[in-house]
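Shown next, in structure tokens, is the structure this report addresses.
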Amino acid sequence: MRLHTLLGYILGSLAFVPAVLAAGEAEHADPVVLATASFPEDNAFGHVVNGERNKILLSVENLSDRNITIKNIAGSFHYPESNVLVKNTSSLSYDVLLVDGAKIQLPYTFYSEYKPGDLKLSIWLDHVTEGETYRVTAYDSIVTIVEPELSWFDLKMWSTYLVVSLLLGGLGYYAYFTFVPQPKRKARSIPSVSAPVTVTASGAGGYQEEWIPEHHLKKAKTRKTKASGEATSGGETSGTEMSGTEGKRRKAKK
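Numbering (mature numbering (1 follows the signal peptide of the UniProt record, and there is no 0)), first residue to last: -22 to -1, 1 to 232.
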């Protein structure tokens, strides 16, 4: 009888040991924190635009019976086929206290400068509970990398093109005048001064008589002869008059 009682106590003690161990493990188990991420409504297809700030929203719920502190949110891009890391995204610090049973929504922004196509995006958050740091994955899915839509009114694009064009134009101008041989300028020929030409006046009788008909020459000679005769007679008359005048002066003196 005593033997059966002793065996009963031993078996009861062994059955209670697993319950005690399970309670101890429950006290030291990881806190249950649920985190999910989704793109805003204006980006329902989950496109990641190069060169722009991409936004994603994280919903965090503390399902454990302990308080947690959200320290930061970060992420990384991977190749979808091999899961090889492409690049990590920037880390965003929060340091937000989340009590047990509470929910919170946190925004996270990141930039992309990758080749257009599909990549795997992973986003996680780190939280601290009772001095221990834990990591919870909030997003792990394939996203599509796209280029931004072009707009004719994009001042940033036009200013970039203008600056690049001016820079290339200046470099081309410098290279042309530096490395391309320039043609030599021809010296201007000074016209030589010609020798002075003697000009004979035609009004002084300097003409060739052989080209003038004979009857014209005869008339011209006749006119010259008459003119010379008149001049001679006029000269003689004036001489006589002068002599008469002188005679009168002499008589008056006497």
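We put the beta carbon where it would ideally sit given N, CA and C, even for glycine.
Q. Can you give the Cα-Cα distance for residue 262 and residue 8, rounded to whole angstroms?
A. For residue 262 there is no data in the structure shown, the boundaries of the chain being -22 and 232.
Q) Taking all protein chains shown into account, do 16 or more other C-beta atoms lie within 10 angstroms of the C-beta of residue 53, making it buried, or fewer, making it exposed? A) By 1-based counting over the sequence shown, the position of residue 53 is 75. Residue 53 comes out buried.
Q: Sort 18, 21, 26 and 11 by Cα distance to residue 94 and report the nearest one.
A: Stepping through the sequence shown from its first residue, residue 94 is reached at position 116. Closest by alpha carbon: 26.
(Q) Pop quiz: residue 47 and residue 73 are said to be a contact at Cβ under 8 Å. What is the actual Cβ separation, rounded to whole angstroms? (A) On the sequence shown, position 69 is the one that residue 47 refers to. On the sequence shown, position 95 is the one that residue 73 refers to. About 7 Å separates the two Cβ atoms, so the contact holds.
Q: Express the C-alpha separation of residue 89 and residue 67 in angstroms, rounding to a whole number.
A: Here the question's residue 67 lines up with position 89 in the sequence shown. Here the question's residue 89 lines up with position 111 in the sequence shown. Going from the Cα of residue 67 to the Cα of residue 89 covers about 7 Å.
**Q.** Local Cβ density within 10 Å of residue 11, reported as buried at 16 or more and exposed below that
**A.** As a working note, residue 11 is residue 33 in the sequence shown. Answer is buried; the Cβ neighbour count reaches 16.
Q. For residue 251, which option in 100, 123 and 120 has the closest C-alpha, if you only look at C-alpha atoms?
A. Residue numbering for the chain in the displayed model covers -22 to 232; residue 251 lies beyond these limits and cannot be assessed.
Q) Below 8 Å between beta carbons: does that hold for residue 55 and residue 62? A) Here residue 55 corresponds to residue number 77 of the sequence shown, with the count starting at 1. Here residue 62 corresponds to residue number 84 of the sequence shown, with the count starting at 1. Their beta carbons are not under 8 Å apart, which means residue 55 does not touch residue 62 by this criterion.
Q: Helix, strand or coil for residue 118, going by three-state DSSP, please let me know.
A: For the purposes of this step, residue 118 is taken as the residue at position 140 of the sequence shown. DSSP places residue 118 in strand when its eight states are reduced to three.
Q: Could you check how far apart the C-beta atoms of residue 57 and residue 98 are, in whole angstroms? I think they sit under 8 Å.
A: By 1-based counting over the sequence shown, the position of residue 57 is 79. By 1-based counting over the sequence shown, the position of residue 98 is 120. With 8 Å as the limit, residue 57 and residue 98 qualify as a contact, their Cβ atoms being about 7 Å apart.
Q: Would you mind sorting residue 121 into buried or exposed? The rule is 16 or more other CB atoms within 10 Å of its CB.
A: Counting from 1 along the sequence shown, the entry for residue 121 is found at position 143. Looking at its Cβ environment, which holds 16 or more other Cβ atoms inside 10 Å, residue 121 is buried.
Q) Taking residue 125 as the reference, which of 102, 32 and 51 has the closest Cα? A) For the purposes of this step, residue 125 is identified with residue 147 of the sequence shown, where counting begins at 1. It is 32 whose Cα lies nearest to the Cα of residue 125.
Q: Specify the secondary structure class of residue 22 as computed by DSSP and reduced to three states.
A: Within the sequence shown, the letter at position 44 stands for residue 22. Coil, per DSSP.
(Q) As an exercise, report each continuous alpha helix (DSSP H) stretch of at least 4 residues that is fully enclosed by the stretch 16 to 91, in chain order. (A) none
Q. Sorted by chain position, which residues of the same chain lie with C-beta nearer than 6 Å to residue 77's C-beta, five sequence neighbours on each side aside?
A. Here residue 77 refers to the residue found at position 99 of the sequence shown. Counting only Cβ-Cβ distances below 6 Å, and skipping sequence neighbours, we find 45.
Q | residue 109 in three-state terms, based on DSSP | A | Numbered from its first residue, the sequence shown carries residue 109 at position 131. Coil, per DSSP.
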